[in-house]
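Heads up: the sequence shown begins at 152 in the numbering used here, then just goes up one per residue.
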Amino acid sequence: MIGILGGGLTGLTLGSLLPESVVLERERTPGGLCRSLNEAGYTFDFGGSHIVFSNKPERLQFMLSVLGEELVKNRRNTKIYYKGRYVKYPFENGLSDLPLEENFECLLEFLKLRLKRARGEVPEPSNLKEWFEYKFGRAIAEKYLLPYNEKIWRIRPEEMGTEWVSRIPAPPLEDVIKSSLGIETEGYVHQLEFYYPLRGGIQRLTDTLAGDCRSIKSGFEVEQVSKTLDGFQVSGDGESYDFESLISTIPLPVLARVFDGTPKDIVRTAENLRFNSLVTVMLGVDDPKINDFSWVYFPRREDGIFYRASFPSNYSPETSPEGKSSVMAEITCLRDDETWNLSDDELVDSVKTSLHRNGIIDKDSVEFSRVMRTEYAYVVYDLEYQRNVSKLRKFMSGEGIELCGRFGRFEYLNMDACMDGARELALRIGGGE
Ligand SMILES: Cc1cc2nc3c(=O)[nH]c(=O)nc-3n(C[C@H](O)[C@H](O)[C@H](O)COP(=O)(O)OP(=O)(O)OC[C@H]3O[C@@H](n4cnc5c(N)ncnc54)[C@H](O)[C@@H]3O)c2cc1C
């Protein structure tokens, strides 16, 4: 029997593919980050706004095959809220939405950079700040990329590495010139069209997978993992299970803590892995249509504590009662910091006030509000990331524990990559179809 620690998307995908397995999940409802709140006719993905997309057709097909027929296909209409105006996303494709002087500055800096790079005058970037300046030029970096990234990661971009940046497409020269002149271009194109479940929110995906799992023990928090003569014993809540092999999708720092063979220096390494927590503020609004946007980014602190506001009622009409709309604000923080510890009322009030001031909603039209907190939301790639994570993976691999998933591997993975990783692992360790 194979033990799967954690019943988020990755654990459930594994459980659905491995017939001889048991999924052990702490929460009563499996699904992890892919869970949805369904209340008062509203549906919100409270682990953050989720859309179904992939740059790999096969991965997208796999997700769609699990989701079945009842899907909405949307075209992305996403903006960046910048000094009271909406700039098309990605920013480098929306330069003509900027005041003329700022548009010119972005274009000029971009062209100067390309010239300097062609002459070999710009050194290779060694951190995230340098990478942004190297790929986009100083002006685009300073106006949008640096403040936005500092807001979401809660760490200065010069203190971050570049291991994850392959997911950010660099803009072709032609596109930047066209965007500055106001000729329509699109960036980040594999996300231009996306899918969303008609009903039930993103949890439809994990609910379907959970239905295909042979056995799930939910409400079971893994508190101890020990090695036995012929495998592993996993204990928690006064119960224990024996397994021949073990896959962990629970956060790597948690695994390092509960595995009783972890030496002190490995525990310390695990404690040094950085991650961000997430607060979501969900609002139901008595307004048939707030706007046509999919979501809007907020790079500037003065425009709100949230880095993004999404509009679930524009993903699927079934996510809000008839004649109403919805908006969800996402705020990153550190576990137990000042933001995390704000009361729900304070958070709702702060979000409502900013959205009202930015002209997005009428504060008085909010008829429903909820706040949720998620401890493990984003892996933070600080400059120590690679060293720390390699050391931990090597140790767990030596102990025979397979790591899979976003926090299991401690890697910035989206749903498609999590499901794909689970599929590959299921095939490799056998029994998977
Ligand atoms: C804000 C945000 C927006 C996102 N948007 C998108 C998007 O639009 N598209 C996309 O493709 N991806 C998106 N993602 C990424 C996506 O959510 C993840 O890739 C995916 O959900 C990760 O699944 P997982 O199972 O690996 O991890 P998790 O969902 O974190 O699952 C881990 C599970 O382990 C359980 N667990 C933890 N500790 C224990 C313990 N001690 N014992 C037992 N169980 C335990 C947890 O309860 C959880 O269920 C987004 C993520 C965030 C944070």
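Cβ coordinates follow ideal geometry from the N, Cα and C atoms, glycine included.
Being a predicted model, the structure only gives us computed values, none of them experimental.
DSSP places M433 within a strand segment (E or B) once states are collapsed to three.
When the five nearest sequence neighbours on each side are left out, the beta carbons in the same chain lying within less than 8 Å of the beta carbon of C484 are those of R305, N427, S428, L429, V430, T490, W491, in order along the chain.
In the structure shown, R544 falls within a helical segment according to DSSP collapsed to helix, strand and coil. Using a 10 angstroms sphere on the CB of T313, the tally of other CB atoms reaches 16 or more, which defines it as buried. For T504, the number of other beta carbons within 10 angstroms of its own is below 16, and it is reported as exposed. Here K239 has K230, G245, D248 as same chain residues with Cβ atoms under 7 Å from its own Cβ, once five neighbours each way along the sequence are excluded.
The DSSP-derived three-state label of F410 is strand.
Around the C-beta of E256, 16 or more other C-beta atoms lie within 10 Å, and the residue is accordingly described as buried.
Residue pairing of Y448 in beta bridges, as defined by DSSP: I231, R459. Between ligand 1 and the CB of S200, the shortest heavy atom gap is smaller than 7 Å.
For L211, the Cβ stays outside the 7 Å cut-off from all heavy atoms of ligand 1. Spatial neighbours of D454 in its own chain (CB-CB distance under 7 Å, excluding positions within 5 residues in sequence) are listed in chain order as Y232, S505, N509. Ligand 1 has a heavy atom closer than 7 Å to the beta-carbon of E176. Counting C-beta atoms within 10 angstroms of its own C-beta, L279 has 16 or more neighbours from the protein chains shown and is therefore classed as buried.
For Y347 and G182, the gap between their C-alpha atoms comes out near 16 Å. For V217, the enclosing alpha helix (DSSP H) begins and ends at 208-218.
Taken through DSSP and simplified to helix, strand or coil, G182 comes out as strand.
Counting C-beta pairs with one atom in each stretch, the stretch 188-205 and the stretch 376-392 have fewer than three that are closer than 8 Å, which means they do not touch. Judged by the Cβ position, F558 qualifies as a neighbour of ligand 1 at the 7 Å threshold, a heavy atom of the ligand being closer than this.
D567 and I367 have their C-alpha atoms spaced approximately 22 Å apart. Straight across, the Cα-Cα distance linking L356 with C569 is about 13 Å.
Using a Cβ distance threshold of 8 Å, E481 and Y458 count as a contacting pair. The continuous stretches of alpha helix (DSSP H) do not include C364, and DSSP gives it neither H nor E. In the DSSP annotation of this structure, the continuous segment of the alpha helix (DSSP H) that includes N254 starts and ends at 251-269. Here D358 is buried: its Cβ has 16 or more other Cβ atoms, across all protein chains shown, within 10 Å. Here I552 is bridged, per DSSP, to L397.
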